[in-house]
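K.L.:
First the structure, which I've put down as structure tokens, then a few questions once you've had a look.
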Amino acid sequence: MFPAILVFGDSTIDTGNNNYINTIIRANFPPYGRNFPGGNATGRFSNGKLIPDFIATLMGIKDTVPPFLNPHLSDSDILTGVCFASAGSGYDNFTDLATLSLSVAKQADMLRSYLARLNLIVGEEKAAKIVSEALVIVSSGTNDFDINLYDTPSPRLKLGVDGYQNFILSSVHNFVQELYDIGCRRIMVLGIPPIGCLPIQMTMARQKQNERRCVDKENSDSQKYNQKLKKSLTDIQSNLTGSVIFYADIYGAILDMATNPQRYGDRNKGDDERMLRNGRDGAIVHVQPINSDLYRP
723 MFPAILVFGD STIDTGNNNY INTIIRANFP PYGRNFPGGN ATGRFSNGKL
773 IPDFIATLMG IKDTVPPFLN PHLSDSDILT GVCFASAGSG YDNFTDLATL
823 SLSVAKQADM LRSYLARLNL IVGEEKAAKI VSEALVIVSS GTNDFDINLY
873 DTPSPRLKLG VDGYQNFILS SVHNFVQELY DIGCRRIMVL GIPPIGCLPI
923 QMTMARQKQN ERRCVDKENS DSQKYNQKLK KSLTDIQSNL TGSVIFYADI
973 YGAILDMATN PQRYGDRNKG DDERMLRNGR DGAIVHVQPI NSDLYRP
């Protein structure tokens, strides 16, 4: 169905690009990767594979999606697609400045470099066909809201929640347009998770030491943004001839994992928390087994 897979966004789908840039936002150390084939930390912010890996396998494309910045990519890797995503990134440039990650604009430039290499391998006509028929996955936005609205002082606060959501949606539109201009036609854009259920948000909002619960206001904001995003993508597709642009919901599944962890292997909510030692400052934090760390589901 799809000859290749191309991946853009943040840590939810970064398969290791941050290993090759100057940032402290990395996942190339334990306990990350303990369930990945070989048990190695690859730079994925997970104990195993990520969504793009599973989709690539399901579609019969490849078992895992390599990061584009890996200097050892083979022609076969290029032909079947790569990941351009960077942990810590967002649609807002302020987000990327705060995290020293690869902005979506830089990720688009990486796609151009990828296409140039693909041209050398198969020629311009076939390369354009591969890109136009590839499944493109975009997952971003969570860091924007965390960093610029909820957790740190930012000039964006003056926009308010509704205004900032519209600002991000404008950036989504521009990014999808840029992907289209480069040659992408089949684009899946993921919504954001229930931000109020991320461990870091629950920890910061708790009233008592051992009491953590989802932040309803932030979850409500997430739902409103996702509704706007879904409509916006429909509007974008109507203006881009030959495109298939669709919204993928992750909110419901992650909310269910956060509020009903026993369905996903936890014996009792709160009873099977595990400790993770932050590789930078040695601090110990507690997260549910469904979470990779304080920031990621």
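Quick note: the sequence shown uses the working numbering, first residue 723, plus one each step. Backbone N, C-alpha and C define an ideal beta-carbon position, used for all residues, glycine too. Treat the numbers as computed from the prediction; the structure is a model and nothing was measured.
Cα separation between Ile859 and Ala778?
P.N.:
Near 11 angstroms, if we compare the C-alpha coordinates of Ala778 and Ile859.
K.L.:
Is there contact between the region 958 to 977 and the region 889 to 904, where contact requires at least three CB pairs shorter than 8 angstroms?
P.N.:
The answer is yes - the region 889 to 904 touches the region 958 to 977, with three or more Cβ pairs under 8 angstroms.
K.L.:
Which residues mark the beginning and the end of the beta strand (DSSP E) in which Phe816 is found?
P.N.:
Looking at the DSSP string, Phe816 is not in any beta strand (DSSP E); the run it does join, the alpha helix (DSSP H), is Asn815 to Thr821.
K.L.:
Note down the Cα distance separating Ile976 from Ile922, rounded to an integer number of angstroms.
P.N.:
The straight-line gap from Cα to Cα measures roughly 15 angstroms.
K.L.:
Could you compute how far the alpha carbon of Cys805 sits from the alpha carbon of Gly885?
P.N.:
Going by the C-alpha atoms only, they are around 31 angstroms apart.
K.L.:
How about Ile890 and Asp866: do their beta carbons lie closer than 8 angstroms?
P.N.:
Against a cut-off of 8 angstroms, the Cβ pair of Asp866 and Ile890 comes out as a contact.
K.L.:
List the DSSP bridge partners of Leu912.
P.N.:
Looking at the DSSP assignment, Leu912 forms a beta bridge with Ala970.
K.L.:
Consult DSSP for Val804 and reduce its assignment to one of helix, strand or coil.
P.N.:
In this structure, Val804 counts as coil in the three-state DSSP scheme.
K.L.:
Can you look up Cys983 in the DSSP assignment and give me helix, strand or coil?
P.N.:
Reading off the sequence shown, one finds Pro at residue 983, where the question assumed Cys. Helix.
K.L.:
Taking 7 angstroms as the limit between beta carbons, can you name the residues of its chain near Met723, skipping five residues before and five after?
P.N.:
Closer than 7 angstroms at the Cβ level, and outside the excluded window around Met723, lie Met781.
K.L.:
From which residue to which residue does the alpha helix (DSSP H) around Val894 run?
P.N.:
Val894 -> alpha helix (DSSP H) spans Gly882 to Ile904.
K.L.:
Per the contact definition of three or more C-beta pairs closer than 8 angstroms, is the region 911 to 921 in contact with the region 826 to 844?
P.N.:
As far as the Cβ criterion goes, the region 826 to 844 does not touch the region 911 to 921, which means the pair count is below three.
K.L.:
Just confirm the distance between the C-beta atoms of Ser862 and Ser811, as a whole number of angstroms; I'd bet it's less than 8 angstroms.
P.N.:
Ser862 to Ser811, Cβ: 7 angstroms. Contact.
K.L.:
So, at 7 angstroms on beta carbons, what are the nonlocal neighbours of Gln945 in its own chain, with the 5 sequence-adjacent residues on each side left out?
P.N.:
Contacts found: Tyr973.
K.L.:
What residue range does the alpha helix (DSSP H) around Leu780 cover?
P.N.:
Here the alpha helix (DSSP H) through Leu780 covers Ile773 to Leu780.
K.L.:
Keeping to the same chain, check which residues put their C-beta closer than 6 angstroms to that of Ala830; ignore five residues upstream and five downstream.
P.N.:
The residues are Glu900.
K.L.:
Buried or exposed, going by whether 16 or more other CB atoms sit within 10 Å of the CB of Asn941?
P.N.:
Asn941 is buried by the Cβ-count criterion.
K.L.:
Rounded C-beta distance between Asn870 and Thr817? I'm assuming under 8 angstroms.
P.N.:
Sure, about 7 angstroms apart at Cβ, within 8 angstroms.
K.L.:
Provide the residue(s) that pair with Val860 in DSSP beta bridges, ordered along the chain.
P.N.:
Paired residues: Phe730 and Val911.
K.L.:
According to DSSP, simplified to helix, strand and coil, what is Pro752?
P.N.:
Coil, per DSSP.
K.L.:
Just how far apart, CA to CA, sit Leu772 and Asn757?
P.N.:
In a straight line, the C-alpha of Leu772 is about 11 angstroms away from that of Asn757.
K.L.:
When the Cβ atoms of the region 837 to 846 are set against those of the region 735 to 754, are three or more pairs found closer than 8 angstroms?
P.N.:
No: fewer than three Cβ pairs fall under 8 angstroms.
K.L.:
Quick check: does the Cβ of Asp873 come within less than 7 angstroms of any heavy atom belonging to the ligand HEM?
P.N.:
Ligands are entirely absent from the displayed structure, and the ligand HEM is therefore not among its contents.
K.L.:
Let me know the secondary structure DSSP gives Pro789 once reduced to three states.
P.N.:
In this structure, Pro789 counts as strand in the three-state DSSP scheme.
K.L.:
Do you know offhand how far Val853's Cα is from Met926's?
P.N.:
In a straight line, the C-alpha of Val853 is about 42 angstroms away from that of Met926.
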